[in-house]
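>
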Amino acid sequence: MEINKEIKAVVLAAGKSKRMKSDYTKVKHRILGKEIINFLLDSLVVAGFNENDIVVVCGKNIDEIRGVVKRKVHYTVQKEQLGTAHALLSAKEFIKNFSGDLLVTVGDNPYITAEELQKLMGHHRETQSKCTFISAVFPFKPPPYGRVIRNEKQEVIGVVEEIDATPEQLKIREVNSSIYLFDNPVVFPLLFKIDHNNVKGEYYLTDIIQLLKERNHRVEAIPAADYFISIGINNRWELQEAQKKFNEFHLKQLALEKGVTILQPESVTIEYGVEIGKDTVIYPSTYIASGTIIGENCQIGPFVYLKGVKIEDNECVRFEKREK
41 MEINKEIKAV
51 VLAAGKSKRM
61 KSDYTKVKHR
71 ILGKEIINFL
81 LDSLVVAGFN
91 ENDIVVVCGK
101 NIDEIRGVVK
111 RKVHYTVQKE
121 QLGTAHALLS
131 AKEFIKNFSG
141 DLLVTVGDNP
151 YITAEELQKL
161 MGHHRETQSK
171 CTFISAVFPF
181 KPPPYGRVIR
191 NEKQEVIGVV
201 EEIDATPEQL
211 KIREVNSSIY
221 LFDNPVVFPL
231 LFKIDHNNVK
241 GEYYLTDIIQ
251 LLKERNHRVE
261 AIPAADYFIS
271 IGINNRWELQ
281 EAQKKFNEFH
291 LKQLALEKGV
301 TILQPESVTI
311 EYGVEIGKDT
321 VIYPSTYIAS
331 GTIIGENCQI
341 GPFVYLKGVK
351 IEDNECVRFE
361 KREK
């Protein structure tokens with residue numbers, strides 16, 4: 041998609057990652073050998089964003105994040121963890137005089153695709169909304185995310201965080217995905233009007249919606265194609281669920297596009313950055329890590345671990361660990 045109007049992106053990645061129970065920031069954790077934050081940054085670039093127009097808001101984890109990000113983006117620091125609106129204002133030098141559209145999202149969501157971002161941008165400009173965000177409609181009780189509040193005309197009138205929601209609002213299954221597109225000249229001044237009168241005492245970025253509606257500005261929410269697009273990685277279980285989902289998709293790609301046969305795919309994991317030639321068969325209980333190159337017509341597995349090695353054409357590897 042060609043972006044005609046100026047556009048920038050702010051990625052919020054300053055969270056303390058307490059629920060990961062880890063010494064590392066959560067966006068550094070990997071899915072199939074690829075760091076969580078790099079999924080999002082790759083999607084932004086594919087969607088049409090220039091790397092120079094992306095800023096990542098970090099906390100004390102800035103050196104960790106710099107160490108894993110593959111793109112040439114900008115960084116800024118949120119010195120105190122006072123909420124998402126406060127985090128965005130940590131990037132004020134990057135956006136204060138910007139007259140275009142501003143995309144704001146979180147760094148812990150690997151599911152955001154370039155297609156969804158392009159759909160968001162197209163809808164935002166078509167409707168001339170001042171704020172458009174992606175929502176997700178769950179077929180079951182949603183995770184603890186903000187509920188999208190609509191009036192009788194189905195117009196968005198606000199987002200209420202779960203901790204502040206009434207019992208009736210908690211029944212709503214449409215939630216905020218924390219992927220926003222703002223008309224920056226309209227929204228930026230309103231960021232300073234957000235207060236912290238809520239249960240957590242934080243400055244919620246979602247409060248911008250009410251401020252816009254009070255000034256008769258248009259706000260739109262477009263439901264994502266799949267509800268899981270709204271899910272961030274906040275704990276180890278969500279991390280393994282993402283690993284399972286991405287692995288299934290990756291194996292399917294290898295089978296359909298590369299001519300690789302994968303037997304019992306539920307027991308096979310293949311990371312990104314692996315090359316496999318056609319007519320190769322991958323047997324059960326096999327893990328192939330990044331940097332591995334496998335030729336054509338090979339037999340790999342069962343019970344094999346490969347990392348950073350080269351397997352020549354027609355080679356058979358069974359019950360082995362090979363690691364460079």
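Residue numbers for the sequence shown follow this note's numbering, so the first one is 41 and each next one is one higher.
Backbone N, C-alpha and C define an ideal beta-carbon position, used for all residues, glycine too.
Less than 8 Å separating the beta-carbons of Pro342 and Tyr323?
Cβ atoms of Pro342 and Tyr323: closer than 8 Å.
> Tell whether a beta-carbon distance below 8 Å holds between Leu157 and Leu52.
Contact: no.
> Of the choices Glu336, Ser330 and Tyr244, whose alpha-carbon is the least far from that of Val349?
Comparing Cα-Cα distances from Val349 to each of Glu336, Ser330 and Tyr244, the minimum goes to Ser330.
> For Leu210, which residues in the same chain have their Cβ closer than 8 Å to its Cβ, ignoring the five residues on either side in sequence?
Result list for Leu210: Arg187 and Glu202, in chain order.
> Just to confirm, are Phe173 and Tyr220 a CB contact at a threshold of 8 Å?
Going by C-beta atoms, Phe173 is nearer than 8 Å to Tyr220.
> With contact counted as at least three CB pairs below 8 Å, one residue from each stretch, are the segment 147-166 and the segment 45-62 in contact?
With a cut-off of 8 Å, the segment 45-62 and the segment 147-166 count as touching, because enough Cβ pairs lie within range.
> Flag this pair as touching only if the segment 306-320 and the segment 102-113 have three or more C-beta atom pairs under 8 Å; answer yes or no.
These segments do not touch.
> Between the Cα of Tyr151 and the Cα atoms of Val95, Ile271 and Lys318, which residue gives the shortest distance?
For the residues Val95, Ile271 and Lys318, the minimum Cα distance to Tyr151 belongs to Ile271.
> May I have a chain-ordered list of the beta strand (DSSP E) segments no shorter than 3 residues that lie completely inside the segment 171-254?
For the segment 171-254, whole beta strand (DSSP E) runs of length 3 or above, ordered along the chain, are 171-177, 187-190, 196-200 and 214-223.
> Alpha carbon to alpha carbon, how far is Ile340 from Ala265? Give it in angstroms, no decimals.
C-alpha separation (whole angstroms): 36 Å.
> Is the separation between the beta-carbon of Leu252 and that of Lys233 shorter than 8 Å?
No. Outside cutoff.
> Please classify Asp141: does DSSP put it in a helix, a strand, or coil?
In the structure shown, Asp141 sits in a strand (DSSP, three-state: E or B).
> Could you give the residue range of the beta strand (DSSP E) that holds Val85?
Premise fails: Val85 lies in the alpha helix (DSSP H), Ile76 to Ala87, not in any beta strand (DSSP E).
> Within the chosen definition, does the segment 56-65 reach the segment 272-281 through at least 3 CB pairs nearer than 8 Å?
Touching, yes.
> Would DSSP call Tyr267 helix, strand or coil?
Here Tyr267 sits in helix by DSSP.
> Specify, as a first and last residue, the run of the beta strand (DSSP E) that Ala329 falls within.
Here the beta strand (DSSP E) through Ala329 covers Thr326 to Ala329.
> Is Glu278 close to chain D? Criterion is C-beta to C-beta, closer than 8 Å.
Checking the listed chains, one finds no chain D in this structure; it contains a single protein chain.
> Assuming Val227 contacts Asn216 (C-beta within less than 8 Å), just tell me the rounded distance between them.
Not quite, the Cβ-Cβ distance comes to about 16 Å (not below 8 Å), so this is no contact.
> My output table needs one value for Glu360: the three-state DSSP class, helix, strand or coil.
Strand at Glu360.
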